[in-house]
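Read through the structure below, which is laid out as structure tokens, and then see the notes.
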Amino acid sequence: MAVNLPPKVRVVIYILATLSQPVMFYLLSQNTITDYMYGLYAVVMGAITALAAVNVDTK
2 MAVNLPPKVR VVIYILATLS QPVMFYLLSQ NTITDYMYGL YAVVMGAITA LAAVNVDTK
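So the sequence shown is numbered by this note's numbering: it starts at 2 and just counts up by one.
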């Protein structure tokens, strides 16, 4: 099953994912979130990155 999000939607997702990384690390360093929540965040970011890689046109 192909996931084809519009380019503008993908750009917004990638920008939000990039900007959220330092925020999540700060929250982890302040013990606001648990290691489990940060790990879950890392898995979701991995999925977003994989989606970005799959949508690259190499032709």
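Just so you know, even glycine gets a beta-carbon here, dropped at the ideal spot from N, CA and C.
The structure presented is a predicted model; accordingly, all values stated were derived computationally and were not measured.
Where does the unbroken alpha helix (DSSP H) through Q22 begin, and where does it stop?
8–30
CB contact flag (M25, Y39, <8 Å)
yes
Can you name the start and end residues of the alpha helix (DSSP H) that T50 belongs to?
36–55
What whole-angstrom Cβ distance do I49 and I14 have, given they're in contact under 8 Å?
6 Å
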